[in-house]
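J.: The structure is given below, and queries will be raised subsequently.
Residue numbers (this note's numbering): 348 to 713.
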């Protein structure tokens with residue numbers, strides 16, 4: 348019997364299970380095994396699940412289960428959507444069971460055989476995964492087999508490298524996770540006790556299942572602990588002026604990006620001029636202010652905005668949505684704390700903001 352986890356990449360997962368089946372036959376034949384029976388059990392993975400906006404785990408579990416079924420596994424195990432942060436409730440357990448029933452009875456996946464056969468894309472993905480997996484299998488065998496490769500930490504090192512690549516993509520938001528690094532639920536209240544901090548282990552030989560969202564959860568945990576200490580949730584104001592299209596686009600981006608932090612992000616506040624925007628936002632009750640406008644408006648007015656803002660407020664964190672590289676040194680010298688844009692690392696950026704906000708809220712600790 349083989350038990351495999353199901354990842355979140357829909358077509359890749361279909362190809363993975365198909366590749367496993369074909370490789371099993373190929374390797375068995377090479378070892379002279381011609382008669383055997385096997386069972387492949389697929390299980391929804393911990394990696395793809397989140398503690399924040401947990402209802403999205405229902406969607407993840409559904410697509411994972413469907414990809415495994417289309418990959419021709421023999422059985423699918425579906426975890427309750429809230430398993431990662433609580434004892435599974437009666438409701439979540441029932442819903443988990445209903446997912447497979449819906450796929451079987453309403454989507455008719457239990458009444459067809461190999462429905463993806465003949466799809467060029469899936470056949471190609473399956474072949475590529477099988478080829479790469481066979482390479483890895485041979486490398487492990489050449490290293491003395493699985494046990495020796497595990498003892499030498501060859502396997503752990505390869506897994507760690509791939510994990511770090513994925514975590515980096517999540518931090519850069521190239522690998523989106525709904526409710527985690529993109530489209531956060533700003534109306535959600537999350538207790539710091541269920542959020543994860545640093546869970547690294549000093550024993551590199553130990554492989555432990557973990558969520559992909561741990562690093563993002565850690566910054567959310569920092570915010571919730573800050574709220575508990577100061578009795579105040581940091582407020583972000585999106586201050587816009589100038590070109591209507593660009594200011595709204597950048598305000599929407601900043602709203603989504605900074606919402607990951609757990610701060611209270613207010614809707615865009617629009618002003619007729621940069622100086623008016625600077626004056627009003629500096630006097631507001633916000634802890635973080637984000638300038639939102641077009642590149643042309645930045646070149647014409649951003650420096651004046653920053654200078655006027657800093658003349659009235661030296662404590663607040665001042666950010667700019669965009670990447671005005673031609674004037675960034677000038678803006679930094681005037682008092683800008685940083686920028687948020689598509690190249691920004693969400694973990695390091697928000698951690699830096701939290702450190703600055705924490706200093707201003709220290710006097711409010713209870």
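Note that beta-carbon positions come from the ideal geometry of N, C-alpha and C, so glycine has one too.
Among 471, 543, 560 and 603, which one has its Cα closest to the Cα of residue 732?
T.: What the structure shows of the chain is the stretch from 348 to 713, and residue 732 is not part of that stretch, so it cannot be assessed.
J.: Cβ atoms of residue 412 and residue 423: under 7 Å apart, would you say?
T.: What you label residue 423 is simply residue 76 of the chain shown in a count that begins at 1. What you label residue 412 is simply residue 65 of the chain shown in a count that begins at 1. Against a cut-off of 7 Å, the Cβ pair of residue 412 and residue 423 comes out as a contact.
J.: Fully enclosed by the segment 383 to 457, which alpha helix (DSSP H) runs are 4 residues long or longer?
T.: Complete alpha helix (DSSP H) runs here, min 4: 403 to 417 and 437 to 448.
J.: Once you ignore the five residues that flank residue 630 on each side, which residues in its own chain have a CB closer than 7 Å to its CB?
T.: By one-based count along the chain shown, residue 630 stands at place 283. The residues are 659.
J.: If you measure between the beta carbons of residue 665 and residue 686, is that distance less than 7 Å?
T.: For the purposes of this step, residue 665 is identified with residue 318 of the chain shown, where counting begins at 1. For the purposes of this step, residue 686 is identified with residue 339 of the chain shown, where counting begins at 1. No.
J.: From the DSSP output, read off the bridge partner residues of residue 617.
T.: As a first step, residue 617 must be located in the chain shown, where it is residue number 270. The partner list for residue 617 (beta bridge, DSSP) reads 587.
J.: Kindly indicate which three-state DSSP category residue 363 falls into: helix, strand or coil?
T.: Position 16 of the chain shown, counted from the start, is the residue given in the question as residue 363. Helix at residue 363.
J.: Under the rule that 16 or more other beta-carbon atoms within 10 Å means buried, what is residue 552, buried or exposed?
T.: Translated into positions along the chain shown, residue 552 becomes position 205. With fewer than 16 Cβ atoms within 10 Å of its Cβ, residue 552 is classed as exposed.
J.: Considering only C-alpha positions, which residue in the set 410, 522 and 653 is nearest to residue 342?
T.: Since the first residue shown for the chain is 348 and the last is 713, residue 342 is missing from the structure and cannot be characterised.
J.: Which runs of the beta strand (DSSP E) fall wholly inside the segment 631 to 704 and span at least 3 residues, in chain order?
T.: Whole beta strand (DSSP E) segments, 3+ residues: 635 to 639, 664 to 668 and 685 to 687.
J.: Who pairs with residue 611 in a beta bridge, going by DSSP?
T.: What you label residue 611 is simply residue 264 of the chain shown in a count that begins at 1. For residue 611, which the question treats as bridged, DSSP gives the partners 582.
J.: Once you ignore the five residues that flank residue 477 on each side, which residues in its own chain have a CB closer than 6 Å to its CB?
T.: On the chain shown, position 130 is the one that residue 477 refers to. Contacts found: 366, 369 and 370.
J.: Note down, in chain order, each residue of its chain lying with its Cβ closer than 8 Å to the Cβ of residue 514, except the 5 sequence neighbours on either side.
T.: Position 167 of the chain shown, counting from 1, holds the residue named residue 514. Here the set comprises 559 and 562.
J.: Scan the segment 485 to 526 and note each continuous alpha helix (DSSP H) run of 4 residues or more that stays entirely inside, going in chain order.
T.: Here the runs fully enclosed are 493 to 498 and 501 to 518.
J.: What residues in its chain sit with their C-beta under 6 Å from that of residue 589, if we drop five residues either side in the sequence?
T.: Residue mapping note: residue 589 aligns to position 242 of the chain shown, counting from 1. Here the set comprises 640, 641 and 644.
J.: Just to confirm, are residue 403 and residue 537 a CB contact at a threshold of 7 Å?
T.: The residue given as residue 403 occupies position 56 in the chain shown. The residue given as residue 537 occupies position 190 in the chain shown. Taking 7 Å as the Cβ cut-off, residue 403 and residue 537 do not qualify as a contacting pair.
J.: Along the chain, where does the alpha helix (DSSP H) that runs through residue 566 open and close?
T.: In the chain shown, counting from the first residue as 1, residue 566 sits at position 219. Residue 566 -> alpha helix (DSSP H) spans 561 to 577.
J.: Mind checking which residues open and close the beta strand (DSSP E) that includes residue 353?
T.: Position 6 of the chain shown holds residue 353. Unbroken beta strand (DSSP E) run through residue 353: 349 to 353.
J.: In the structure shown, what three-state DSSP assignment does residue 552 receive?
T.: Position 205 of the chain shown holds residue 552. The answer is coil: DSSP assigns residue 552 none of H, G, I, E or B.
J.: What does DSSP give as the partner residues of residue 529 in its beta bridges?
T.: Counting from one through the chain shown, the residue named residue 529 turns up at place 182. Paired residue(s): 525.
J.: Pairs of beta-carbons, one from the segment 463 to 475 and one from the segment 349 to 362, closer than 8 Å: are there three or more?
T.: Judged by Cβ distances under 8 Å, the segment 463 to 475 makes contact with the segment 349 to 362, as three or more pairs qualify.
J.: Apart from the five residues on each side of it in sequence, which residues of its chain come closer than 6 Å, Cβ to Cβ, to residue 397?
T.: Stepping through the chain shown from its first residue, residue 397 is reached at position 50. Cβ neighbours of residue 397 beyond the five flanking positions: 526, 527 and 560.
J.: I need the straight-line Cα distance from residue 373 to residue 502, nearest angstrom please.
T.: Start at 1 with the first residue of the chain shown, and residue 373 comes out as number 26. Start at 1 with the first residue of the chain shown, and residue 502 comes out as number 155. Distance between the alpha carbons of residue 373 and residue 502 is about 22 Å.
J.: Please state the DSSP three-state secondary structure of residue 356.
T.: Here the question's residue 356 lines up with position 9 in the chain shown. Residue 356 falls in the coil class under three-state DSSP.
J.: Report yes or no: do the segment 489 to 507 and the segment 375 to 389 share at least 3 C-beta pairs separated by less than 8 Å?
T.: Flag = no, the segment 489 to 507 and the segment 375 to 389 do not touch.
J.: Identify which residue in 432, 680 and 427 has its Cα closest to the Cα of residue 446.
T.: Along the chain shown, read from residue 1 onward, the residue named residue 446 stands at position 99. Among 432, 680 and 427, the Cα nearest to that of residue 446 is on 427.
J.: Taking the straight line between their C-alpha atoms, what separation do you get for residue 442 and residue 650?
T.: Along the chain shown, one-based indexing puts residue 442 at 95. Along the chain shown, one-based indexing puts residue 650 at 303. Whole-angstrom Cα-Cα distance: 54 Å.
J.: Answer with buried or exposed for residue 429, where buried requires no fewer than 16 other C-beta atoms within 10 angstroms of its C-beta.
T.: As a working note, residue 429 is residue 82 in the chain shown. Buried, by the Cβ-count rule.
J.: Grouping DSSP H, G and I as helix and E and B as strand, with all else coil, what is residue 592?
T.: As a working note, residue 592 is residue 245 in the chain shown. Reduced to three states, the DSSP call for residue 592 is helix.
J.: Just mark residue 348 as buried or exposed, buried being the case when its beta carbon has 16 or more other beta carbons within 10 Å.
T.: Indexing the chain shown from 1 puts residue 348 at position 1. Exposed, because fewer than 16 other Cβ atoms sit within 10 Å of the Cβ of residue 348.
J.: Identify, in the order they occur along the chain, each residue of the same chain with its Cβ nearer than 8 Å to the Cβ of residue 421, setting aside the five sequence neighbours on each side.
T.: By one-based count along the chain shown, residue 421 stands at place 74. Counting only Cβ-Cβ distances below 8 Å, and skipping sequence neighbours, we find 386, 387 and 388.
J.: With a threshold of 8 Å on Cβ separation, who are the neighbours of residue 634 within its own chain once the five nearest residues in sequence on each side are excluded?
T.: The residue labelled residue 634 in the question sits at position 287 within the chain shown. For residue 634, where only same-chain residues beyond five positions count, the Cβ hits under 8 Å are 581, 582, 583, 610, 663, 664, 704, 707 and 708.
J.: Could you give the C-beta distance for residue 656 and residue 628, rounded to a whole number, given that I count them as a contact under 8 Å?
T.: Indexing the chain shown from 1 puts residue 656 at position 309. Indexing the chain shown from 1 puts residue 628 at position 281. Going by Cβ atoms, the distance from residue 656 to residue 628 rounds to 7 Å, so yes, they are a contact pair.
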